[in-house]
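Remarks on the structure that follows.
Protein chains: 2
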Amino acid sequence: MAKNRVTIKEIAKVAKVTPATVSMALQDNPRISTDTRKKIQLIAKDLSYHPNYLARALVSKISYTIGVTIPNITDSFYAELLQGLEDGASEFGFNTIQCSTRNILSKEKLDIDLLRSKGVDGFVIASAENEDLNIKRLIDDGFPLVMVNRRLTGKPYCEMADYVVPDNLLGAHIAMEHLYRQGHRRIGVITGLANTSTGKERTQGVKRFLKKNGIKIEPKLFVNGGWNKEIAYNATKKLLKLSDKPTAIFAISDEMAIAAREAILDIGLSIPSDIALIGFDNIIPAQYKGIDLSSVGIKTYEMGKIAIKILIETVERKTSPMTNKVTMKPELYIRQTCGFQGYETKHLQMIGNKT
Amino acid sequence: MAKNRVTIKEIAKVAKVTPATVSMALQDNPRISTDTRKKIQLIAKDLSYHPNYLARALVSKISYTIGVTIPNITDSFYAELLQGLEDGASEFGFNTIQCSTRNILSKEKLDIDLLRSKGVDGFVIASAENEDLNIKRLIDDGFPLVMVNRRLTGKPYCEMADYVVPDNLLGAHIAMEHLYRQGHRRIGVITGLANTSTGKERTQGVKRFLKKNGIKIEPKLFVNGGWNKEIAYNATKKLLKLSDKPTAIFAISDEMAIAAREAILDIGLSIPSDIALIGFDNIIPAQYKGIDLSSVGIKTYEMGKIAIKILIETVERKTSPMTNKVTMKPELYIRQTCGFQGYETKHLQMIGNKT
DNA sequence: ATGAAAGCGCTAACAG
DNA sequence: CTGTTAGCGCTTTCAT
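Residue numbers (my numbering), protein chains in the order written: chain A, 1 to 355; chain B, 356 to 710.
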């Protein structure tokens, strides 16, 4: 009812031409004479014609819509990423339709199926697990997709699709190095889920750093924060109850770092005098005065824009020339939680972009 | 290419029936015998058939997709609202496709047109301005829509469409009363844009409170924060430069309150000893230790769920029985920024829902 | 109980 | 240059 809008048929009737002519005229197809083209376009405007993209998509096989799967939007990191995706898509005349998977593979499967049924042209996947069957199926089907932030890790699939991800090994290295340079040798780590590339690689980066610097890897200093505030909060408390507790903590995401911060303060310790703290992602709340969380992170919004650009390019030329693999270089954002007093470093950069 | 999925035609061929029969069988239409229905459904599964919703929508006029316009997702308040919308939609088998308008009406117009062309069944609009022509047009066209958080204010349109909004007058009252009870009489206000219902009504609520309590309304104590961190930051500084500066500040959104917080601290004043601070919305970062922002707010996530529920109900029964107007009751969340020492109040509620 | 036919709104061949 | 025809994948009459 509310949907009865004018169609090319009616325009055709008014212009005394056929629907096909109208269709072409509206697309400025040079096959139609400039006169009739102008005439038809005028009539279309007069009748306030709006194309039906559904019908168009049915025949042209392109809907100008991209499916996005993301763990959840209320996490600042993903909100920023999503904004990059949306803005990027918009620049190319595309829209995104996103689903929150909550890190549940069965939900992701449902979401992906639904989005495919709705005719999306491709996927940006921010919810990848290391051995994500849903994504593998998409790859097998030759469906355009790019993973962002997280990616598949198992061979051979990990090299079969495009992705844009942070350099997690380097990021972890930078964070650890920063703590190390402040003199910390006993460093607790709040890890994420190991079945995600970010969780796996960041932890791996930590271990490499320790090895390289001749520090013994103590399993009890690694506690699982599960990419989740509650879990990270409790994990931190566990860490702080250790008789030989760490002098510093590296939480491999800022969301978890903020939870760790709560735990540390709740226990009555001070940051950074009693315990130093650094996170990963450089989310906006990390920059708030009163939080002032030191962090290492990549340009999240940009990462989103790059990912969607790659996807749309492959969608539009409909040919995958070669896989696009982008690694974003992380930077150190020094604030108040590490007791930084000053030193020289190539990674150094004071305070991030303020929104 | 990647889109060639099995269609009902192929199922029909295999099942030796006509496409129409397949269509009905797949919808469990009792017109088809149980036997053939079962048989067809089995074949469909075997062939891993997935319906093409585009085609379906073209004929059935329902796409199970809702358009959402929102100022921007990186604002915690809207992220939470959006999550409610998405979750709510998902419960009914709908998806949302959202656009960030950035509070720009021309962008909103483009977005709405595009979404209509993409065949959305209705709109949830979180970007309404008081006299929003785009929305008025939607109403005139009889297009299903519900406004959320903000709404139209001018007559007669303000009563012509559904909405779910906070009780802004009450909310402002609660915030002011809280400050008042701590003894504050000179209260600075960081206002939002007056062309939004939230901005207008919250400021109005403040003024009513002052009047009721015999406090003179001093224009210089009202500074425009423009729903924007930068602007709010500068506005706060302006307020604090006053020779007879306020002893407390009410920022009518938490995002602005957090910016105000930065300004206050940057200037070297303490919270709450030098100056008290209260916000509006009760966003998640307000709950972080170190921020501990006192705030008044409604259940944002719930508001989103209610809004989408109303919309989907009107979409599905395709008849607007009566307009649905919902007002959410705000509650006070007392934290550390108002120097609260204790008193009794009917609005009182300690600490909010922790995520 | 099922088949046949028409059509949603649009585009893309092929004619003329 | 423009019209005709066919069809995207599905649903929904109307016949049989």
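C-beta: ideal position from N, C-alpha, C; glycine also.
For residue i, go through chain A and note every residue whose CB falls closer than 9 Å to its CB, in chain order.
i, result
"S418(B)", "L54, K118"
"P385(B)", "Neighbours of P385(B) on chain A: none; closest Cβ ~24 Å, over 9 Å."
For residue i, list the residues DSSP reports as bridge partners.
i, result
"A606(B)", "I545(B)"
"S294(A)", "I278(A)"
"S403(B)", "S403(B) pairs with nothing; no bridge assigned."
"Q453(B)", "V423(B)"
"F695(B)", "Partner(s): none; F695(B) has no beta bridge."
"Y688(B)", "S650(B)"
"V503(B)", "V519(B)"
Output yes or no for whether 8 Å exceeds the beta carbon distance between residue i and residue j.
i, j, result
"Q204(A)", "L169(A)", "yes"
"L105(A)", "A128(A)", "no"
"I395(B)", "A375(B)", "no"
"I62(A)", "D121(A)", "yes"
"G645(B)", "E686(B)", "no"
"D46(A)", "R37(A)", "no"
"L534(B)", "A516(B)", "no"
"L648(B)", "L632(B)", "yes"
"T96(A)", "V68(A)", "yes"
"M176(A)", "F209(A)", "yes"
"L54(A)", "A614(B)", "no"
"I639(B)", "T692(B)", "no"
"S253(A)", "F222(A)", "no"
"G339(A)", "I249(A)", "no"
"T553(B)", "N504(B)", "yes"
"V256(A)", "A286(A)", "First, the residue type needs correcting, since residue 256(A) is Met and not Val in the sequence shown. No, they are not a contact pair."
"S100(A)", "Q696(B)", "no"
"D167(A)", "M328(A)", "yes"
Under 8 Å between beta-carbons, which chain B residues line up against residue i? List them in chain order, please.
i, result
"K289(A)", "R616, E617, L620, D621"
"I258(A)", "Y643"
"I284(A)", "T429"
Taking only three categories from DSSP, how would you classify residue i?
i, result
"K680(B)", "strand"
"V520(B)", "strand"
"H347(A)", "Because H347(A) sits at a pLDDT of 45, beneath the cut-off of 50, its placement in the model cannot be relied upon, and the following sentence gives the value as read from the coordinates. Correct three-state label for H347(A): coil."
"Y643(B)", "coil"
"G554(B)", "helix"
"I421(B)", "strand"
"F577(B)", "strand"
"V17(A)", "coil"
"E365(B)", "helix"
"R360(B)", "coil"
"I570(B)", "coil"
"I667(B)", "helix"
"K245(A)", "coil"
"I622(B)", "coil"
"I586(B)", "helix"
"H539(B)", "coil"
"D383(B)", "coil"
"N708(B)", "Note that N708(B) scores a pLDDT of 38, beneath 50, so its modelled location is shaky and nothing firm can be said."
"F143(A)", "coil"
"I638(B)", "coil"
"K305(A)", "helix"
"K39(A)", "helix"
"S60(A)", "helix"
"T236(A)", "helix"
"I73(A)", "coil"
Taking C-beta pairs closer than 8 Å, name the residues in chain A that residue i reaches, listed in chain order.
i, result
"E435(B)", "T74"
"D468(B)", "H50"
"N450(B)", "I97, C99, L114, L115, K118"
"I663(B)", "Within 8 Å Cβ-Cβ: nothing; I663(B) doesn't reach chain A, min ~14 Å."
"E441(B)", "I73, Q98, C99, S100"
Under 7 Å Cβ-Cβ, which residues of chain B neighbour residue i?
i, result
"L58(A)", "L409, A410, L413"
"I135(A)", "Going along chain B, no residue has its Cβ under 7 Å from I135(A), so there is no contact; the nearest lies around 14 Å."
Note down, in chain order, every chain B residue with its Cβ under 9 Å from the Cβ of residue i.
i, result
"Q83(A)", "N427, I428, T429, S455"
"P272(A)", "Neighbours of P272(A) on chain B: none; closest Cβ ~13 Å, over 9 Å."
- Minimum length 3: unbroken beta strand (DSSP E) runs contained in the segment 438-489 of chain B: Here the runs fully enclosed are 450-455, 477-480.
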